[in-house]
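Numbering (this note's numbering), first residue to last: 62 to 416. Built from N, CA and C at the ideal position, the CB exists for glycine as well. From a predicted model like this one, the values you see are computed outputs, not experimental measurements.
Here it is as C-alpha cells:
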C-alpha cells in the first residue's frame, strides 16, 4: 500500500509500507494495516526527532521531488533501502548529521556520499560492500564510521582525510592491509579492525596519539610495529588469535594501558619491559608457548587478573609475590609447572589460584 504524505513529501514523495503497522502519531499521521488516514503533519520539525520510526518501512525507494536544503539531521534506514535510493539521498539531504543504512544489501556506496559534508555518524555495517568510494574522505565532520561486516579488501587512502574521526569500526571484513594514511587520524580514540586478514600494521599507526582502544585480534599478524609504543593514551590493546612470536620492547612505553589481550599467539617469551606497565589490570596471555615469565612481572602493582594457562611454564617468578592487587591467577594446563606451598604463601591473601 502506498501512503502519500503532503508535507512529509519534502523528505519522501512516496513511502511504500508493506506488511507492517506504521504509526507516526506525533506527526499527526496514522497508518494502520487495513486503514490509511491522510492528515497533514502539524509541524515538520517534529519529524527530526522521529526518524527512527521510519525503520518499520519495508521499502523506502521512491523519488524525491524537491528537498534541497532540508534541515533533517538524523535518518535511520536500516534494512529498508535500495542502492538507487541511497544514491539520490546525498543530493536531497545535505544537512544530515547521522545516517544508518546498516543491514541492507548494498554492494557499493555512491560517490555522492561525499556531498554529506555535515555528516557526523555513518553506519553502513552489515552490507556487501567491497570498497569505499574515495569521496568518503570529503566527510570532514565525520566522527563515527562503522563499516563492519562487509566484504572490504582495502580502505581508500582518502580515509586519512577524516581528521575529526573518533571511532572507526572495520571489523569482520577481508582487509589484507591498512593504508599508511590511517596514521593521519590524529583524533581517533577507538579502532576496531578484528576479524580481517591483516599480516602487518603500518608503522604510521604509532601516530594515533589519542587512541584509547585498539582491537586487531583474529588477524594474521606475525609482528607488531615498534611504533605501537608511541600510543601513550592506549587503555586497551587486543591482539589475540594472531601469529605473534614476539612483542616489541616498546610495549613497555604504554604507561596508561589497563587491559592487554595477547592470547592464542606463538609467544615464547614476554619482554622485560612489560614490567613498566604500571597501570595494567588485566593480562591474558594464555595459549602461547611461554616457557618463562620475566622477573619484572612483579612490578605490575595494579594487576588484578593474570591468565597464563595453556603454556609451557615450569616455574613462576618469585617476584609475583609483589602483586599486591592480584585477585585471580590462572595457570591451568602448564604440564611441567610445579607451584610450591612456599610460593603460594607469598601471594596476596585471598587470591584465587586456578591450576
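Looking at the secondary structure, which residues open and close the beta strand (DSSP E) in which residue i lies?
i	result
residue 252	251-253
residue 320	320-322
residue 407	Premise fails: residue 407 lies in the alpha helix (DSSP H), 402-407, not in any beta strand (DSSP E).
residue 275	274-276
residue 13	An answer regarding residue 13 cannot be provided, because it is not within the stretch 62 to 416 covered by the chain.
residue 374	Per DSSP, residue 374 belongs to no beta strand (DSSP E) and is neither H nor E.
residue 390	389-391
Identify whether residue i lies in helix, strand or coil by the three-state DSSP scheme.
i	result
residue 264	helix
residue 241	helix
residue 214	coil
residue 283	coil
residue 297	strand
residue 413	strand
residue 132	In this prediction, residue 132 has a pLDDT of 49, which is less than 50 and means its spatial position is unreliable; what the coordinates show is noted afterwards. Residue state, collapsed to three classes: coil.
residue 353	coil
residue 178	coil
residue 312	helix
residue 380	helix
residue 77	In this prediction, residue 77 scores a pLDDT of 29, lower than 50, which makes its location untrustworthy; no coordinate-derived value is stated.
residue 173	helix
residue 330	coil
residue 360	helix
With 16 as the cutoff for other CB atoms within 10 Å, does residue i come out buried or exposed?
i	result
residue 339	exposed
residue 210	buried
residue 272	buried
residue 162	buried
residue 282	buried
residue 188	buried
residue 385	exposed
residue 406	exposed
residue 393	exposed
residue 336	buried
residue 411	exposed
residue 121	At residue 121, the pLDDT of 34 sits below 50, so the modelled position is not reliable and the matter cannot be decided from this model.
residue 186	buried
residue 397	exposed
residue 414	exposed
Just list the residues that DSSP pairs residue i with in beta bridges.
i	result
residue 452	Outside the shown range of the chain (62 to 416) lies residue 452, about which nothing can therefore be said.
residue 256	For residue 256, which the question treats as bridged, DSSP gives no partner whatsoever.
residue 207	184, 230
residue 166	The partner list for residue 166 (beta bridge, DSSP) is empty, contrary to what the question assumes.
Indicate whether at least one CB of chain C lies closer than 8 Å to the CB of residue i.
i	result
residue 309	No chain C is present in this structure, which holds just one protein chain.
What's the C-alpha gap between residue i and residue j?
i	j	result
residue 258	residue 238	8 Å
residue 292	residue 275	10 Å
residue 400	residue 270	41 Å
residue 419	residue 196	Because the chain here runs from 62 to 416, residue 419 falls outside it and cannot be looked at.
residue 226	residue 355	38 Å
residue 381	residue 320	18 Å
residue 246	residue 233	21 Å
residue 228	residue 416	39 Å
residue 214	residue 341	34 Å
residue 110	residue 253	With a pLDDT of only 40 at residue 110, under 50, the local geometry of the prediction cannot be trusted, and no value is derived from it.
residue 221	residue 303	26 Å
residue 349	residue 372	5 Å
residue 255	residue 360	30 Å
residue 402	residue 343	25 Å
residue 157	residue 310	45 Å
residue 204	residue 390	39 Å
residue 184	residue 404	52 Å
residue 155	residue 264	36 Å
residue 251	residue 230	8 Å
residue 235	residue 369	31 Å
residue 497	residue 317	Since the first residue shown for the chain is 62 and the last is 416, residue 497 is missing from the structure and cannot be characterised.
residue 165	residue 241	30 Å
residue 59	residue 351	Nothing in the structure corresponds to residue 59, since the chain is present only between 62 and 416.
residue 294	residue 312	12 Å
residue 169	residue 346	39 Å
Can you determine whether any heavy atom of the ligand ATP sits closer than 7 Å to the C-beta of residue i, and answer yes or no?
i	result
residue 306	The ligand ATP is not among the ligands present in this structure, which contains no ligands whatsoever.
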